[in-house]
Amino acid sequence: MTTIDKAALIAAAKDASRNAYVPASNFRVGAAVQLSDDTIVGGCNVENASFGLTICGERNAIFHAQAARGQACGGKISVVAIAIYTETSEATMPCGACRQVLVEFAGPDTPVFSACRGETVEKRLGDLLPDAFTFAY
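In my numbering, the protein residues as written are 40 to 176.
Put into structure tokens, the structure is as follows:
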């Protein structure tokens with residue numbers, strides 16, 4: 040069984056937030072996913088002048104992990120935990136699109152840690168996106 044390294048995940052998410060490209064919002068988001076093989080992969084939000092092309096930190100971390108570790112993980116990564124970091128005073132949860140993408144690679148009991156300057160909040164993915172739409176439909 041994989042041991043979730045909450046402190047390392049949050050540290051990786053905080054580090055990733057420093058690389059965010061946010062000329063429009065100045066809202067830096069870092070994220071890090073821990074995979075079933077204990078690899079931790081980070082990502083950050085990247086804005087674009089065509090705002091619909093902006094990518095959130097959470098999806099960037101997931102896609103980066105799949106690109107880097109997909110083959111080593113049997114073709115599809117398995118996320119066992121995710122951490123998000125923002126420089127806000129209150130924790131920020133993933134947007135709906137990020138929740139949907141996360142469901143593709145993680146189970147409903149996957150912990151989602153949201154850290155900020157003031158606190159860390161932990162929720163289960165299944166609580167953030169109940170009755171998720173999957174390929175099972």
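Cβ coordinates follow ideal geometry from the N, Cα and C atoms, glycine included. Because the structure is a prediction, the values reported are computed rather than measured.
- Between the alpha carbons of S56 and G109 lies a gap of roughly 23 Å.
- Relative to G165, the option among A120, Y124, A71, V80 whose CA is nearest is A120.
- Inter-residue distance for C112 and A106 is about 11 Å (C-alpha atoms, whole angstroms).
- For the set R138, T78, T127, the Cα lying nearest the Cα of C95 is the one of R138.
- Relative to the Cα of N65, the nearest Cα in the group T125, D170, A175 belongs to T125.
- In the three-state scheme derived from DSSP, where H, G and I count as helix and E and B as strand, R163 is classed as strand.
- Counting the other Cβ atoms within 10 Å of the Cβ of S153 gives 16 or more, which makes it buried.
- Residue nearest to E158 within the set E86, E129, A100 is E129 (criterion: CA-CA distance).
- Rounded to the nearest whole angstrom, the CA to CA distance from N84 to K162 is 21 Å.
- With contacts defined as CB atoms closer than 9 Å, G81 and A46 fail to qualify as a contacting pair.
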